[in-house]
Amino acid sequence: MISKKKLVFIISPFVLLIILLIMNGVLFSSVARTESVWMDSPLGEKVYGCLYHPKNPHPSRPIVIVFHGLSWTGTLDMRWPLELTKRGFYVLSVDQSGHGFTHGNQPGLQDDVLKPFFFRNVIGVVDYIYSRQDLFNISAIGCMGVSLGGWTTVMGTVVEPRINASVSLAGPTNITKLSEDTDFSRLWRNIGVTPENDFIEIPELARNHSAVEFWNGSYGVNPPKNLLLIQGTNDPTVNVSHTIDAYNLVNDSTKCDMFLVEGGDHALINNAVVNETIVWFETKLLGGIQGPIEFSQFTYIQVYFVYIMTLIGIYSSVFGVCFTFFKLKDKYIKTSKNSIPTKSSEEKTYVMALLKVILYSLPILGIWIVLYFMQGVVFNYLIVLLLGAALLAVYEALFFLFKSRDCFSGENLKQVLKSQFGFYDAIIAIACAAYFLGFYYSVAYYFKFLMISPQSIELYFLSLLAILPFFFSFEIFHRNLIQNQFPTRSERGKWVNRILLFGFAVISFFPFYYITMGAYMSVLIMFLFMIAVTTISIYLYEKTQKTFVTALFNSIVVAFFLAHHYFFFI
Numbered sequence: 001m002i003s004k005k006k007l008v009f010i011i012s013p014f015v016l017l018i019i020l021l022i023m024n025g026v027l028f029s030s031v032a033r034t035e036s037v038w039m040d041s042p043l044g045e046k047v048y049g050c051l052y053h054p055k056n057p058h059p060s061r062p063i064v065i066v067f068h069g070l071s072w073t074g075t076l077d078m079r080w081p082l083e084l085t086k087r088g089f090y091v092l093s094v095d096q097s098g099h100g101f102t103h104g105n106q107p108g109l110q111d112d113v114l115k116p117f118f119f120r121n122v123i124g125v126v127d128y129i130y131s132r133q134d135l136f137n138i139s140a141i142g143c144m145g146v147s148l149g150g151w152t153t154v155m156g157t158v159v160e161p162r163i164n165a166s167v168s169l170a171g172p173t174n175i176t177k178l179s180e181d182t183d184f185s186r187l188w189r190n191i192g193v194t195p196e197n198d199f200i201e202i203p204e205l206a207r208n209h210s211a212v213e214f215w216n217g218s219y220g221v222n223p224p225k226n227l228l229l230i231q232g233t234n235d236p237t238v239n240v241s242h243t244i245d246a247y248n249l250v251n252d253s254t255k256c257d258m259f260l261v262e263g264g265d266h267a268l269i270n271n272a273v274v275n276e277t278i279v280w281f282e283t284k285l286l287g288g289i290q291g292p293i294e295f296s297q298f299t300y301i302q303v304y305f306v307y308i309m310t311l312i313g314i315y316s317s318v319f320g321v322c323f324t325f326f327k328l329k330d331k332y333i334k335t336s337k338n339s340i341p342t343k344s345s346e347e348k349t350y351v352m353a354l355l356k357v358i359l360y361s362l363p364i365l366g367i368w369i370v371l372y373f374m375q376g377v378v379f380n381y382l383i384v385l386l387l388g389a390a391l392l393a394v395y396e397a398l399f400f401l402f403k404s405r406d407c408f409s410g411e412n413l414k415q416v417l418k419s420q421f422g423f424y425d426a427i428i429a430i431a432c433a434a435y436f437l438g439f440y441y442s443v444a445y446y447f448k449f450l451m452i453s454p455q456s457i458e459l460y461f462l463s464l465l466a467i468l469p470f471f472f473s474f475e476i477f478h479r480n481l482i483q484n485q486f487p488t489r490s491e492r493g494k495w496v497n498r499i500l501l502f503g504f505a506v507i508s509f510f511p512f513y514y515i516t517m518g519a520y521m522s523v524l525i526m527f528l529f530m531i532a533v534t535t536i537s538i539y540l541y542e543k544t545q546k547t548f549v550t551a552l553f554n555s556i557v558v559a560f561f562l563a564h565h566y567f568f569f570i
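Residues in the sequence shown are numbered consecutively from 1, following this note's numbering.
Here it is as structure tokens:
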């Protein structure tokens, strides 16, 4: 019989989920529906876009193409789809070359990188809009983007005259100048851009990617039309001179205007920016401002707060699912709990346990340092992860050898390994992982927000095979060398342990994020999921005392996100 206290523990996360899903619906109230679309590109790519249909479309049926910045995807920045659909615009948010679901002839292959002339994908996007004239007004096509998206936008004015109005936010216009200001070489190698295709460092390619080179008449291209350049005066990534020089070059505010945000940074999370963008598109595409412009002071914050809370709701509900599964297991299956022998005892103090854990963790720091420098040589994250698994295994073998040579005798080793595998416990781990991923993807797919999933089935299984050894080695360290060190004499003591273990999980995985943080924003999302599943694994290990079960659960979930990042496989 389940007590009322435990029943509340099981039900509460699901109630929270329902409330948060309602909040998501309110947040997306200006969107009637979302639609996934695929477009052919002159680069030979299949370009993915998410089309947001406004609940109350403007009679002129205007559409704005939105390009995201480097390391983001079309479903990560919801500020523009939400604000523009409120004004009756259709919004087509596009995954850029080498990002998200946009891929080459076949998904997941090595050509899925940020290609030279990436901005030509805009031609395929406009072709798609022209193919649906029953839905869109081809005389009211807008284009905008932030950072890399702003770069795509200004180059779009060069290659695509069918665009009627454009807004570039913090987009570079002179790539020769950009290469002098910022070193992109390591970032480019991280995401698979080879030196021979480095369109920032190769002078001729840099000129071919610079809007000012086209606007000054060097290539016989006409100046832009209806282009607004927006930039912060304190932008640390793209110097404000990019906007000022381009504006002065065109020297015609009817074709190219400028709005500088005093003190603004590269992200341009500023209400004045949203206001100027809406005014520009409504003036140029619709003939004038369509009524008072009202938008929330905190739309950007609201979006991420609601979605992060939704993820927390999904994550916490896994505990309820785990609890239910284990209750059923205990009812129908008699199992004995085994654990690797340890010298930890209930009498050890927390101070001694903490000192031991810190001591045991020091070699892990050394391993991460080695992996960081290896990544700079190999530029292949999967090889680095497998190397990390091998180094962790060697460290753990030496540790157990030092602690007890008997552990490596044939009979003891067989018993230890056998104790870490359990069929029914593995089924529970797989079921919990499936629930976690299924619920997450259902919400992400429905709202088309923060949608990260494997590029292909092949990449998912490759990710799973590559990451399982790493997590198995990591779990041996995390559970047997850390979790088993803390005494658990009381329920309060257990919660103290769990909090400490959560802290160690964050510290343990942070170097992984540091190694890859120069890559993609979605890597940060994967890092957060790694922390989440490792926290759930604390409970799984408490119930099963089986390292393989926690490693399997972690690997199934994390491989789902790892397989989204094609550059890990290059």
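The C-beta atom is built at its ideal place from N, Cα and C for all residues, glycine as well.
Requested in this report: Starting from residue 204, trace the alpha helix (DSSP H) both ways and give me its first and last residue.
Outcome: 203-208
Query raised in the report: Can you find at least 3 beta carbon pairs, one from the segment 191-206 and one from the segment 73-91, that sit closer than 8 angstroms?
Result: no
Query raised in the report: residue 507 to residue 36, Cα distance in whole Å?
Result: 38 angstroms
Query raised in the report: When the Cα atoms are used, what is the spatial distance from residue 157 to residue 34?
Result: 27 angstroms
Query - CB contact flag (residue 246, residue 229, <8 angstroms) - result: yes
Query raised in the report: Over what stretch of residues does the alpha helix (DSSP H) that includes residue 245 continue unbroken?
Result: 241-250
Query - CB contact below 8 angstroms: residue 308 versus chain B - result: The chain labelled as chain B is not found in the depicted structure, where only one protein chain is given.
Requested in this report: Indicate the three-state DSSP secondary structure (helix, strand or coil) for residue 160 in the structure shown.
Outcome: coil
Query raised in the report: Shortest alpha-carbon distance to residue 572 belongs to which of 562, 119, 132?
Result: Residue 572 lies beyond the residue range present for the chain, which begins at 1 and ends at 570; the question has no answer from this structure.
**Report entry** residue 66: first and last residue of the uninterrupted beta strand (DSSP E) it sits in
**Finding:** 63-67
Query raised in the report: Between which two residues does the alpha helix (DSSP H) harbouring residue 176 extend?
Result: 175-181
Query raised in the report: Apart from the five residues on each side of it in sequence, which residues of its chain come closer than 7 angstroms, Cβ to Cβ, to residue 160?
Result: 122, 123, 126
Requested in this report: Going by CA-CA distance only, name the one from 466, 467, 445, 524 that's closest to residue 75.
Outcome: 445
Query raised in the report: Whole beta strand (DSSP E) runs in the segment 87-156 with 3 or more residues, listed along the chain?
Result: 90-94, 141-146
Query raised in the report: Since residue 285 is in the alpha helix (DSSP H), which residue starts that stretch and which ends it?
Result: 271-286
**Report entry** Contact set for residue 580: own chain, Cβ-Cβ below 7 angstroms, skip 5 residues either direction
**Finding:** Any question about residue 580 goes unanswered here, given that the chain covers just 1 to 570.
Query raised in the report: On the three-state DSSP scale, how would you describe residue 57?
Result: coil
Query raised in the report: In terms of alpha-carbon separation, which member of 533, 387, 434 lies closest to residue 469?
Result: 387
Query - Run of the alpha helix (DSSP H) containing residue 563, from where it starts to where it stops - result: Per DSSP, residue 563 belongs to no alpha helix (DSSP H) and is neither H nor E.
Query raised in the report: Should residue 239 and residue 181 be called a contact, given that it needs their Cβ atoms to be closer than 8 angstroms?
Result: yes
**Report entry** residue 23 - DSSP class collapsed to helix/strand/coil
**Finding:** helix
Query - Pick from 56, 193, 175, 188 that is closest to residue 654, judged by C-alpha positions - result: Residue 654 is absent from the structure shown; the chain starts at 1 and stops at 570.
Query raised in the report: Where do the ends of the beta strand (DSSP E) carrying residue 438 lie?
Result: Segment 423-447 is the alpha helix (DSSP H) holding residue 438; no beta strand (DSSP E) there.
**Report entry** Inter-stretch contact (C-beta, 8 angstroms, three-pair minimum) for the segment 538-552 and the segment 440-459
**Finding:** no
Query raised in the report: Applying the criterion that 16 or more other CB atoms from any shown protein chain within 10 Å of the CB defines a buried residue, is residue 537 buried or exposed?
Result: buried
Query - Under 8 angstroms between C-beta atoms of residue 437 and residue 557 - result: yes
Query raised in the report: Where does residue 15 land, buried or exposed, given buried means 16+ other C-beta within 10 angstroms?
Result: exposed
Report task. Go ahead and pull the three-state DSSP assignment for residue 169. Result -> strand
Query raised in the report: If you run the structure through DSSP and keep just helix, strand and coil, what is residue 555?
Result: helix
Query raised in the report: Helix, strand or coil for residue 232 per DSSP?
Result: strand
Query raised in the report: Is it true that the CB of residue 285 sits closer than 8 angstroms to the CB of residue 165?
Result: yes
Query raised in the report: Rounded to whole angstroms, how far is the Cβ of residue 41 from the Cβ of residue 120, which I believe are closer than 8 angstroms?
Result: 7 angstroms
Query raised in the report: Three-state secondary structure (DSSP) at residue 494?
Result: helix
Query - Assigned secondary structure, residue 334 (DSSP; H/G/I helix, E/B strand, else coil) - result: Reliability fails at residue 334, whose pLDDT of 45 lies under 50, so the model's placement of it is uncertain and the value that follows must be treated cautiously. Coil, per DSSP.
Query raised in the report: Leaving out five residues before and five after residue 264 in sequence, what residues of the same chain have Cβ atoms less than 8 angstroms from its Cβ?
Result: 231, 232, 233, 234, 235, 270, 273
Requested in this report: Leaving out five residues on either side along the sequence, give the residues of the same chain with a beta carbon under 6 angstroms from the beta carbon of residue 149.
Outcome: 67, 68, 69
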